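Reading through the structure tokens given below for one structure.
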Amino acid sequence: MQTRMAMPSRKHLLATTSKLSAFVRDRRWREALHLANTMQQAREPMDVRIFNIALNACKAGFQWALALDVFGAMRQRSLSPDHITYGTLISVCERTALWTTALDLVCEMSQQGLSPNVISYNSSISACEKGAQWASAINMLSEMESLSLSMDVISLNAAISA
């Protein structure tokens with residue numbers, strides 16, 4: 000009986016994931032973050048998907064500090080961030096002009112063995128644009144080129160606007 004209680008039920012995780020997703024979809028990001036925080040405080044089982052949804056809630060609410068807290072909590076649980084984790088976190092940084100953090104996250108992605116994609120680079124370049132950091136935006140374009148990633152209208156417009 001104790002073993003069953005200790006193991007997270009797949010049903011429970013799916014139900015929680017669905018509930019969190021519904022909150023975010025309905026623009027109820029505060030409720031999503033409250034539920035995720037309650038789970039964290041109660042030491043309930045959480046997987047990468049739940050943390051990614053919590054990051055999406057932070058993104059919806061422009062809550063960069065909370066997003067970094069969620070990312071830290073994920074690491075404390077020894078969960079490995081995936082492309083969605085990094086992409087969402089970089090997007091939060093873009094929305095809040097945290098260009099240095101966005102650039103650090105792209106670098107960290109590579110160090111973790113995850114290849115940043117065009118979306119990751121575009122978000123980081125847009126963060127540079129919002130922070131008026133044209134030199135960093137150009138450096139990101141150069142990185143994209145060296146990795147044979149195709150620059151698109153978003154990449155180029157954000158770099159030009161920086």
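With numbering that gives the first Met the number 0, letter number 56 in the sequence shown gets 55, and the count goes up by one each step, no holes. Beta carbons are placed, not taken as given, at the ideal position from N, Cα and C, and that holds for glycine. Every value quoted in this text rests on a predicted model; they were computed, and no experiment measured them.
CA nearest to the CA of M73, picked from C57, D46, Q62: D46
message: So the candidates are P44, Q39, A53; which of them puts its Cα closest to the Cα of A21?
response: A53
task: Would you check if the distance between the CB atom of W28 and the CB atom of G60 is smaller than 8 Å?
output: yes
- prompt: In the structure shown, what three-state DSSP assignment does G130 receive?
  reply: coil
field: The alpha helix (DSSP H) enclosing A157, as first and last residue numbers
entry: 152-160
message: So S135 and L102 are supposed to be a Cβ contact under 8 Å. How far apart are they, rounded?
response: 6 Å
- request: Write down every uninterrupted run of the alpha helix (DSSP H) in the region 8-92 whose length is 4 residues or greater and which is fully enclosed by it, in chain order.
  value: Counting only runs of 4 or more, we get 9-24, 28-40, 47-59, 63-75.
- prompt: Can you list, in chain order, the residues of its chain whose CB lies under 8 Å from that of S81, leaving out five sequence neighbours each side?
  reply: The residue asked about is misnamed: residue 81 is Asp in this sequence, not Ser. Taken in chain order, the residues that qualify are V47, N51, L113.
task: Please list, in chain order, all residues of the same chain as I49 whose beta carbon is under 8 Å from its beta carbon, the five residues on each side excluded.
output: L12, T15, T16, L19, A35, M38
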